Each structure stands twice: as structure tokens, then as C-alpha cells.
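**Student:** Got a structure here, written out as C-alpha cells. Questions coming.
There are 2 protein chains.
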Amino acid sequence: MIPSIEWINNKVKMIDQTVLPHDLKFLEFEDYRDVATSIKVMNIRGAPAIGVAAAMGMALATIEYKELPKEKFLEKMEEVANLIRSTRPTASNLFWAVDRIWDIISKYPDDPPMLSALVVEEAQLMAQQDINVNKSIGKNGAALLEDGDTVLTHCNAGSLATVQYGTALAPIRAAIEEGKEIQVIADETRPRLQGARLTAYELQYDKIPVKVISDTSSGLIMRLGKINKVIVGTDRVTSDAVFNKIGTYLVALAAKDNDIPFYVAAPTSTLSLHETVKDVTIEQRDSSEVSNILGKLQIVPNGVECLNYAFDITPFRLVTGIITEDGVYTPEELLKKYK
Amino acid sequence: MIPSIEWINNKVKMIDQTVLPHDLKFLEFEDYRDVATSIKVMNIRGAPAIGVAAAMGMALATIEYKELPKEKFLEKMEEVANLIRSTRPTASNLFWAVDRIWDIISKYPDDPPMLSALVVEEAQLMAQQDINVNKSIGKNGAALLEDGDTVLTHCNAGSLATVQYGTALAPIRAAIEEGKEIQVIADETRPRLQGARLTAYELQYDKIPVKVISDTSSGLIMRLGKINKVIVGTDRVTSDAVFNKIGTYLVALAAKDNDIPFYVAAPTSTLSLHETVKDVTIEQRDSSEVSNILGKLQIVPNGVECLNYAFDITPFRLVTGIITEDGVYTPEELLKKYK
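Protein chains in written order, with numbering that gives the first Met the number 0: chain A, 0 to 338; chain F, 0 to 338.
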């Protein structure tokens, strides 16, 4: 496992996930605008990772603007916060991270240089806390897995979606560390193929057995008895549903129809339980992500439009359990504990 | 609409569907071995079209072998039939077509030249009958569609999957001919992308409004209220389930969960009601169809295996109606009528 994002000498260093699995390339940014773009174009993706990227972007901005007069500084930082929030509108962590940084800014508005130092520290702390949270999710989720299980996952909620260790893949890593034999089946996850590219890459890198299937195959594979558990990540949990990568709802329906437990690994930073489905805007991305695979292979005739919603809504009735850093909860228990 | 397959001057002419939507290229074969290969590598695909291709392949073989002594001729034709049956083991029409040609061979085994002429005629008749059957499916299915409907389809069960006109797309064509406004949403249909490439191509060619979605999107699109009906084709209907392209089961689950009618367009040549799910072998195709999209874009790291089942099992409980050339039936009615 390589950290997907790091703060090094007032620069943000991240793996460029758009060129995996072919190249392992790193990007380094000193300008928060570049960090915002990297979130938008998905050099970095995954709810926890983009939360940390957002915080580090805010930190870069405080360094850039810290010598400005107070009012000007606050005005600029307001712009930065809005820019960063707009990059991926469905991701709860983005808002959570910006708010957490903003708390520091509001506390010390009179001293931009001092608050900048605090923000830089906070962003690095958030990265470390992300790893700690993921390890706890791993430990809590590993208890659900039995020796010999095959786990289906959708998209990439692994090390690459976090700073390190992953959310949905954390229970698998932890179970294997405990000595259990676990295999993974990864949905390829169109349109951007995070499962085929990233989940397969990071599990192979860590020598965890993984096979890839087309998104069309999960139902049959479950019917054939090849899956024991499903674990996915999430970008936002409202009081009635889990928001995660497009395609998650179909996997959940198939799991329900085949009596296979469907778990969601959700750091508490993704909980947004004051909201319901009606409050969430589903990000729509460009048609070309569907028509032209990874910008390299056009599969749709010229002139035919594609619909490209990035996230799916999985109602609580399809969710067996939600794994947070505190424990594993049914949706009802989750609401009782956190709402 | 261009016929996907034709018999012209003792040659088989077909559209090469592997290079659509970029090129409209035709293949011509005089050798039945090439026809068998064309079915296997999916130059031609779709249950009804490969039925006709199988019959035409048999016809080419009778021409090649008709001067042999009777015993030798029958021995060769037995080999040909086995070769053709082995190309796509899940497609019911393949067996149906080979059997239909074999009936003629068994009737006139003493006169290969004469039976060859009859077989050539029969293969052409089957092509014409396919079009007639599809028009009847269109008429029966059009009655289910209302003005303004948006229909989701999976894979390509259109003109390109048949000789002409299509099965799942036939009701849409017929409804539009009746003056209704109908729009289509096409699942891209990984791994071979028949929806993105072929359904989008043929509907655009015929000026029928179509949009493409990733296979991961059908559930959300239904939740958002953008789909009124689902119509898919089938490769085989047993007494308990519909076999169709991988991914169909997920679409059916989502339709059920959203109270959207799920119809299957099934020429009676696809009915195999003496069988149950247990009798059918699901074709497994090469891992590379998933890992390397259309042989052009590798999306999975080297050394990671993919599972690639070609067909899906959709149990009758998820099927609202089955549209044959005779009418529209619930699964129970279908069993009563045809079993």
C-alpha cells in the first residue's frame, strides 16, 4: 500500500489514479486550484481521499493568501471553499472537510499566518486520522468475514480511495491479517472502471486474490453461489439511503434476492443523517465518460448522447449492516446512535 | 434497416457486427467453416440471426459435400452439425435451426444433390420467416406501449440480432409506425457492448431517439422515473426462466423494485419449455473480453483474471409478459399454451 495522498514540504503529493493500472505516476501540487481540478477530473477519488485532498487544498490556499489583510484573506478563502465544494457535489466528505478547516479559520480570523499553520497541521492530522478510522473499520468488519469467504465489492473503496488501507477493503485486509483466507471479486464499475483498474491493482499489489467481472455479471455470480458477502463504500449516508458509485443499487438488489449480506463501510465522516434522499443532488458527469472509455475508445456512434449519473441510491431496506469506525450497525441502530 | 444476413448466389453475406458502429462492413462466405467461425467470434450474433446463419452454414455444407456417396455425405453433415452447434452453446435457435435442416436431410438421405437444393431453399425460407415473425412480435408488443413511453432495452435484440426488424426492438418500431412517440434507453451491455455499439447504431440509422447508459445506471434511471417499460430479447426460454445476455437479471430486479413492466420478446423458436434452468449450460467466454475492451483497450492489470459468463438467468417471477409472434403471455399462460 502506497499512500494515495501526502503532505510533503508544503506540497500535496498524490497518485494519479487516472493512469492506473498501467502507470504508477505521482502528481505534486503547490496551487490549490490544481488540487481542486485533480478532484474534479478524478486524479484522486474516493470519499475519504477527496476529503483529505480538500483539506490540503484549503491548507495550500491559506499559505498563498496568509499575507493578505484579514478581510481580503477571508474573502479569498470563501472563494476557495466554494471552488472546492463544487468539484464533486455528492461527496459528503468534501463538505465535512471544508467545514472542519473552516472551523479553524473562524476561530482565528485575525491572524491568517497563525491560522494557516494550524490549518496545515489539521490537514495532516486528518490524513493520519483517516488511516486510524480505516483500521477500526477493518477490525469491526473483519468479524463479519469467515475463513474462505469470497467478497464482492463495487468501485474502489480501497487504499486508493482513502489515504491508506481503505474502507470497503479494510475488513478484507484485516481479516487476512487475522489469518483468514479471503478472495475478492471486483465489479469493473463503468463508466470509469475503478474496480477493474484500481481495486484489482491495489489488491494484486498487496497479493490479495482478486478476480474482475463486468458490472452485468454480479447477479449471475451470486446465483451461482460464488459470493458470500458484499462490502461497498459510500460517499454519503442519509437517514434513509446510502449514496455510492452508480451501480451499487443493482448489486444490493441482487444481494437481497440471493440472501447475501450487503454491508456498507462508512467512516462517520460520510454520515449526513440530518438529510434524506430528497436533499441530495446526484452528480451528472459528461456524456463522453460513457461514450468514450477512459477517453481512449469510442464505443457509441457519433451523435448519440449518453446519460451519466455518477452515484446511486441504495435504500436502507437493502442494507444488512453499516460498518463505521465505532462498530457494525443495522440502519435502524445507526440512526439511533448517530442521529 | 439493412438485413444482417442474406443468401446471395450460393454465398452467405453478413454485416460484420464486430466493427460497428465505426464501419459498416460486409463479409461473404462460401465455406461453412467460416460461417461457424463467424458465429463463434460474433461477426453475427443475436439468437434469431445465428439460427439463420446456422441454417445457411448447413446449406453451404450440403453444396460442398453433395457429390459424395450417401454414407460419406451423412457422416460429413453430422460433423458439420456438431461444429455449428458447438459455436454458441446457450443459444436455443442454433439447435432449433440445425434440427430443422436435419429434418430435410433425414427425409431424403438417398439423394444429396436434391436435398441440398431443398436445404438451400429452406435456409432462405427461414430468413424470410424470421422477418415475418418479428413483424408479428412488433404488432403484438406495440399494443403494450403508450404514446410518450421511454423503453429500456439491454444488449441488442434489434434488426442486427435478427435477419431484419428485431425482436425486442420490434414493438418499438411497430409502435412508431403506428404514430406513437417512443424513446429508447440502451444499456451499453458489457463486455461486448452490443447496446452501445449496435442498438444505438441501428436506432440512430432509423432515426429512432436513443440514449446510451452504462450498465451500472439502469436502477437509478428507473428510480428517477425515466423508464416506462423494459423490453429485452432472449436466447432461450425454459419452463422456469428466461436466458438472455448477461446483465438481464439485474435489469429485471430493478424493474420489479420500481414497478416497471418487464417484457421479453421471444420468437417461438427460442422456446425450450421441456427444459429447466438446471438443463442449461451458461457459455463462458474468454477472460480477455472483460479485461481488454473489444480487443483494443486493456483495463485490468496484467495477471488478474476475469470471469466472463455470457448469459444471465432471469426467473419467471420477474417477468411481466413474454411477447411471441402469436401474442403476449404471462409466464403461466406461456406454459399453458406452448408446453
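C-beta atoms are modelled at their ideal positions from N, C-alpha and C, and glycine is treated no differently.
All of these numbers come straight from a predicted model, not from anything done at the bench.
Have a look at F/D205 and F/G178 and give me their C-alpha separation to the nearest angstrom.
**Tutor:** About 15 Å.
**Student:** So if I threshold CB-CB distances at 9 Å, which residues from the stretch 202-218 of chain A count as touching chain F?
**Tutor:** Cβ contacts with chain F: L202, Q203, Y204, V209, K210, V211, I212, S213, D214, T215, S216, S217 and G218.
**Student:** Compute the Euclidean distance between the alpha carbons of F/I334 and F/P170, then round it to the nearest angstrom.
**Tutor:** Before going further, note that residue 334 of chain F is Leu rather than Ile in the sequence given. Going from the Cα of F/L334 to the Cα of F/P170 covers about 22 Å.
**Student:** What is the rounded straight-line gap between the Cα of A/A240 and the Cα of A/L197?
**Tutor:** Cα-Cα distance, rounded: 25 Å.
**Student:** What distance in whole Å lies between the Cβ atoms of F/D148 and F/N227, which are believed to be in contact at a cut-off of 8 Å?
**Tutor:** Right, their Cβ atoms sit about 4 Å apart.
**Student:** Looking at the unbroken beta strand (DSSP E) that takes in F/V279, where does it start and where does it end?
**Tutor:** Element bounds for F/V279: n/a, residue is neither H nor E.
**Student:** Among the candidates A/A253, A/L151 and A/I245, whose CA atom is the shortest distance from the CA of F/T247?
**Tutor:** Closest by alpha carbon: A/A253.
**Student:** What residues of chain A sit near F/S290, judged by a beta carbon separation below 8 Å?
**Tutor:** Residues of chain A passing the Cβ test: A195 and V211.
**Student:** When you check each C-beta in the stretch 239-268 of chain A against every C-beta of chain F, which residues fall closer than 7 Å?
**Tutor:** Going along the stretch 239-268 of chain A in chain order, one finds I245, G246, Y248, L249, L252, A253 and D256 with a Cβ nearer than 7 Å to chain F.
**Student:** Nearest-angstrom Cα distance between A/L124 and A/N42?
**Tutor:** When rounded, the distance between both Cα atoms is 22 Å.
**Student:** When you compare the CB of A/E121 with every CB in chain F, is at least one pair closer than 8 Å?
**Tutor:** Not closer than 8 Å to any Cβ of chain F, the Cβ of A/E121 fails to qualify, so no.
**Student:** Verify the CB distance criterion: does A/P190 have a CB-CB separation below 8 Å to chain F?
**Tutor:** Yes, A/P190 lies at the interface with chain F (some Cβ there is under 8 Å from its Cβ).
**Student:** Rounded to the nearest angstrom, what separates F/T280 and F/L272 at their Cα positions?
**Tutor:** Spanning the two alpha carbons is a distance of roughly 15 Å.
**Student:** Using a beta-carbon distance below 8 Å, is F/L295 in contact with chain A?
**Tutor:** First, the residue type needs correcting, since residue 295 of chain F is Lys and not Leu in the sequence shown. For F/K295, the answer is yes, since a Cβ of chain A falls inside 8 Å of its Cβ.
**Student:** Is the Cβ of A/E274 closer than 8 Å to any Cβ of chain F?
**Tutor:** So, not an interface residue.
**Student:** Short of 7 Å Cβ to Cβ, which residues in the stretch 302-313 of chain A face chain F?
**Tutor:** Answer set for the stretch 302-313 of chain A: G302, V303, E304, C305, L306, Y308, D311 and I312.
**Student:** Which class does A/T149 belong to by DSSP, given the choice of helix, strand or coil?
**Tutor:** Three-state DSSP puts A/T149 in a strand.
**Student:** Under 8 Å between the Cβ atoms of F/L306 and A/I292?
**Tutor:** Not closer than 8 Å, so no.
**Student:** Using alpha carbons as the reference points, say which of F/T152, F/T61 and F/I322 lies closest to F/Y107.
**Tutor:** Closest option to F/Y107, Cα to Cα, is F/T61.
**Student:** Quick one: measure Cβ to Cβ for A/F28 and A/D15, integer angstroms, because I've assumed they're closer than 8 Å.
**Tutor:** A/F28 to A/D15, Cβ: 11 Å. No contact.
**Student:** Give me the chain A residues within the contact set of F/V299, using Cβ-Cβ distance strictly less than 8 Å, ordered along the chain.
**Tutor:** The answer, in chain order, is P20, E187, A195, R196, A199 and V211.
**Student:** Compute the beta-carbon to beta-carbon distance between A/V51 and A/D129, rounded to the nearest angstrom, for a pair I have assumed lies under 8 Å.
**Tutor:** Right, their Cβ atoms sit about 6 Å apart.
**Student:** Beta-carbon within less than 6 Å of A/A173's beta-carbon, same chain only, minus the 5 sequence neighbours each way: which residues are those?
**Tutor:** Excluding sequence neighbours, A/A173 sits near G137, K138 and A141.
**Student:** Using a C-beta to C-beta distance shorter than 8 Å, which residues of chain F count as neighbours of A/R222?
**Tutor:** By Cβ distance, chain F contributes Y248 and I312.
**Student:** When the Cα of F/N155 is compared with those of F/M57, F/I212, F/V79 and F/E201, which residue comes out closest?
**Tutor:** Of F/M57, F/I212, F/V79 and F/E201, the residue nearest in Cα terms is F/E201.
**Student:** In three-state DSSP terms, what is F/G320?
**Tutor:** Residue state, collapsed to three classes: strand.
**Student:** Could you tell me the alpha carbon to alpha carbon distance between F/M76 and F/M57, rounded to whole angstroms?
**Tutor:** Roughly 8 Å between the two C-alpha positions.
**Student:** F/T323 CB to nearest chain D CB: under 8 Å?
**Tutor:** No chain D is part of this structure, whose protein chains are labelled A and F.
**Student:** So, under 8 Å CB-CB, F/I4 and F/A126 are touching, yes? Tell me the CB distance rounded to an integer number of Å.
**Tutor:** Correct: roughly 7 Å between the Cβ atoms.
**Student:** Are the CB atoms of F/V40 and F/L59 within a distance shorter than 8 Å?
**Tutor:** Cβ atoms of F/L59 and F/V40: not closer than 8 Å.
**Student:** Is F/E120 helix, strand or coil when you go by DSSP?
**Tutor:** Of the three classes helix, strand and coil, the one that applies to F/E120 here is helix, per DSSP.
**Student:** Counting along the chain, where does the beta strand (DSSP E) carrying F/L26 start and finish?
**Tutor:** First-last of the beta strand (DSSP E) with F/L26: F25 to F28.
**Student:** Please go through the same chain and pick out, in chain order, the residues whose beta-carbon is closer than 6 Å to the beta-carbon of F/L67, but skip the five residues on each side of it.
**Tutor:** For F/L67, where only same-chain residues beyond five positions count, there are no Cβ hits under 6 Å.
**Student:** Suppose you measure from the CA of A/Y328 to the CA of A/A251; what does that come to, to the nearest Å?
**Tutor:** Looking at the two C-alpha atoms, the distance is approximately 17 Å.
**Student:** Just the Cα atoms here: how many angstroms apart are A/Q182 and F/F310?
**Tutor:** The straight-line gap from Cα to Cα measures roughly 24 Å.
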